[in-house]
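For the sequence shown, position 90 matches number 90 in the UniProt record's numbering, and the numbering has no gaps at all. What follows is a set of notes on a single structure, which appears directly below.
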Amino acid sequence: MTEVVVCLAFNSKKAHLVVLSIEIYAFVEVNEATMSASSLAAEAVWKDIESTRSVTDDQLSILHFLFGKNFERATRIVDQRGVKRISGEPSGRFVFQVVGESQRKEEYFCFAENYCACYSFFYDIVNRGEQLCCKHQLAARLALSLGVFIEVKVSDEQLAVLLSKL
1 MTEVVVCLAF NSKKAHLVVL SIEIYAFVEV NEATMSASSL AAEAVWKDIE STRSVTDDQL
61 SILHFLFGKN FERATRIVDQ RGVKRISGEP SGRFVFQVVG ESQRKEEYFC FAENYCACYS
121 FFYDIVNRGE QLCCKHQLAA RLALSLGVFI EVKVSDEQLA VLLSKL
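Given below as structure tokens:
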């Protein structure tokens with residue numbers, strides 16, 4: 001186990017941020033030494049939210065600072081109950097199915113931490129490296145941390161078939 005202390009202090013001139021100066025002190029178990037400071041800060045906030053199953057204004061401000069418009073969009077998706085967790089039984093393995101915001105209401109399969117089937121994931125994250133994750137991943141992570149997703153149980157075989165189509 002590696003303990004990493006993340007200390008961020010930032011000021012924002014953006015009017016929509018409620019808190020102008022925030023300091024975060026978090027102890028996070030790290031699996032990869034290459035994880036960025038932003039990822040570490042986000043992980044600390046996610047763990048905090050998960051432990052209380054609620055989110056504070058400060059936590060929302062931090063996540064908005066880290067993820068910007070993608071986080072705003074993710075909160076709308078979660079508010080509209082657009083996140084399903086599809087769990088295989090008996091293994092307990094799961095994938096998220098997240099509704100998009102377009103008028104077509106497409107649904108994207110994603111793993112909150114490392115993959116989404118949407119175009120933005122491949123273009124903005126994998127190809128250009130401009131974002132840490134897409135709005136669907138953020139929506140999945142927020143819904144998981146708060147426990148506000150729709151649970152769908154399927155057999156492990158059905159989950160395997162679903163994942164084979166990705």
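Glycine is no exception: its CB is placed at the ideal position from the N, C-alpha and C atoms.
With H, G and I counted as helix, E and B as strand and the rest as coil, what does DSSP make of residue i?
i: residue 105; result: coil
Under 8 Å by Cβ, that's how I've got residue i and residue j pegged, so tell me the actual separation to the nearest angstrom.
i: residue 83; j: residue 125; result: Contact doesn't hold; Cβ gap of about 19 Å is too wide.
i: residue 135; j: residue 77; result: 7 Å
i: residue 85; j: residue 152; result: 7 Å
i: residue 73; j: residue 101; result: 6 Å
Identify the residues that DSSP records as bridge partners of residue i: which are they?
i: residue 151; result: 85
i: residue 98; result: 83 and 108
At the level of alpha carbons, what is the spacing between residue i and residue j?
i: residue 99; j: residue 42; result: 23 Å
i: residue 112; j: residue 57; result: 22 Å
i: residue 118; j: residue 89; result: 26 Å
i: residue 130; j: residue 66; result: 12 Å
i: residue 142; j: residue 106; result: 19 Å
- Message: Quick check on the DSSP output: what are the complete alpha helix (DSSP H) runs of length 4 or more inside the region 118-164, in order along the chain?
- Response: 135-146 and 156-164
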